Structure formats: C-alpha cells, structure tokens
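Residue 104 in full-length UniProt numbering is what sits at position 104 of the sequence shown, and the numbering runs on without skipping anything.
The C-beta atom is built at its ideal place from N, Cα and C for all residues, glycine as well.
Nothing here was measured: the structure is a model prediction, and the numbers come from that model.
First comes the structure, then the notes that go with it.
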Amino acid sequence: MESDYIIEDTDIRRLIVKAVEAREMAYARYSQFKVGAALLAGRENSSDAEEVVGRETDSRDRNANEYRVFTGCNIENSSYGATICAERAAVCNAVSSGYKDFKAIAIVGGLNSTGINGITYPCGICRQVLSEFSADMYVIAAHSEDDYDMRRLSEFLPASFGAGQME
C-alpha cells in the first residue's frame with residue numbers, strides 16, 4: 001500500500017542540497033568515498049520542527065504532522081564493520097529526536113578527488129533499516145538537483161523482512 005504523501009519538486013531539491021552539504025562532513029579516510037543523506041521525517045503534533053516541508057493528501061488534519069530534515073554522513077572506521085553509512089546516521093539523528101514518520105531520503109556520494117560523480121544508491125543494510133520505518137518512502141539517489149533517480153523504497157527492497165514476520 002502506497003502512502004498518500006506527495007513530495008514536491010522544491011522539497012526534492014531541498015533534500016538534495018542538504019545531502020550535498022552533509023556529504024562535506026563525511027569522514028572517509030579509507031575509501032575516500034564521501035556520502036551525504038538528508039531524511040524527511042515527521043512526528044505527530046510536533047511544535048518544534050525546523051525545515052518544515054511536504055504535505056499529506058488524505059483527510060486528516062494537515063497540521064497534525066510537521067516534517068523536519070535530518071542529515072547524516074558516512075563515518076568510516078579502520079574496523080570496517082564499525083563504519084556508519086550516511087543513511088543510517090540520518091536515521092539515528094531523526095529517531096533520537098523523536099521523528100519516526102519517514103517520507104523521503106536523498107543520497108549523494110562520490111570520491112573525494114572527483115566529487116559527486118554519478119548516482120549513489122543505499123546499500124542493502126541501509127535499505128533494511130529504512131524499511132523498518134516506511135517501505136513506501138521515497139528514495140532519491142542524486143547526482144545533482146536536476147539529475148536523480150526517485151523510487152519507492154519497496155522497489156529497492158522487494159519481499160523484505162519486516163515487523164510482520166515478528167508477529
């Protein structure tokens with residue numbers, strides 16, 4: 001079942017810009033591949049949201065959800081398993097602030113030497129982590145504000161393992 005959430009072009013661009021900014025903070029000492037992510041997330045009846053964007057299209061009170069942009073960057077470690085991807089850093093940032101209603105995430109990446117040089121998609125672990133919160137959120141894998149691939153997360157992770165299997 002797809003969400004009634006509609007993301008607008010201005011919000012897509014805003015997320016991509018925020019992901020590009022987050023990429024600059026990446027710690028990619030080993031791979032030299034910096035990744036930035038910007039996650040649009042909401043929580044019910046939030047009064048302290050910053051960067052409010054997006055809208056719901058169903059009959060609920062349109063002011064019931066406010067959305068905020070949370071960013072993350074990859075943080076590498078010499079023990080590669082301890083490396084944190086940009087998408088998961090953004091998820092941790094959002095959830096630790098009480099925002100768990102994920103609507104969209106933008107991802108940009110590239111080598112330090114070449115900059116953002118193509119489209120970077122989330123790894124399998126990040127896809128699984130994102131699916132815990134919303135299988136129908138938008139994933140925006142971007143090269144620039146005008147060059148991106150946007151799909152629902154469920155298209156990237158079909159037949160995923162989820163909360164339903166735990167019941």
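Whose C-beta lies closer than 6 Å to the C-beta of residue i among residues of the same chain, with five residues either side of it excluded?
{"i": "Asn77", "result": "Thr83"}
{"i": "Arg13", "result": "Glu145"}
{"i": "Arg60", "result": "Confidence in Arg60 is poor, its pLDDT being 39 and thus under 50, which makes the residue's placement unreliable; the coordinate value appears in the next sentence. Around Arg60: no qualifying Cβ."}
{"i": "Leu130", "result": "Leu153"}
Just to confirm my understanding: we take residue i, look at its own chain, exclude 5 residues before and 5 after, and list those with CB closer than 7 Å. What are they?
{"i": "Cys126", "result": "Cys85, Glu87 and Arg88"}
{"i": "Glu8", "result": "none"}
{"i": "Ala28", "result": "Lys34, Asn74, Glu76 and Asn112"}
Considering only residues of the same chain and omitting the five flanking positions on each side of residue i, which have a CB-CB separation below 8 Å?
{"i": "Lys100", "result": "Ala41, Arg43, Ala94 and Phe133"}
{"i": "Phe156", "result": "Tyr121, Pro122, Arg127 and Val139"}
{"i": "Tyr148", "result": "Ile12, Ile16, Ala106, Ile119, Ile140, Ala141 and Ala142"}
{"i": "residue 168", "result": "One cannot answer for residue 168 here, as it falls past the ends of the chain, which runs 1 to 167."}
{"i": "Ala135", "result": "Arg152, Leu153, Ser154, Leu157, Ser160 and Gly162"}
Taking residue i as the reference, give the member of the options with the closest Cα.
{"i": "Ala142", "options": "Glu8, Ile7, Cys73 and Val108", "result": "Val108"}
{"i": "Val35", "options": "Ser131, Tyr67, Ala90 and Glu66", "result": "Ala90"}
{"i": "Arg23", "options": "Asp136, Ile116 and Gly164", "result": "Ile116"}
{"i": "Ser79", "options": "Arg68, Lys103 and Ser31", "result": "Ser31"}
{"i": "residue 222", "options": "Thr71, Glu66 and Ser96", "result": "The displayed coordinates of the chain run from 1 to 167. Any statement about residue 222 would go beyond what the structure contains."}
{"i": "Lys103", "options": "Glu66, Met137 and Arg151", "result": "Met137"}
{"i": "Val69", "options": "Cys92, Ala38 and Ser96", "result": "Ala38"}
Return the bridge partner residues of residue i from the DSSP annotation.
{"i": "Glu66", "result": "Arg43"}
Completely contained beta strand (DSSP E) runs for the segment 91 to 155, where each covers 3 or more residues:
101 to 111, 138 to 142 and 148 to 152
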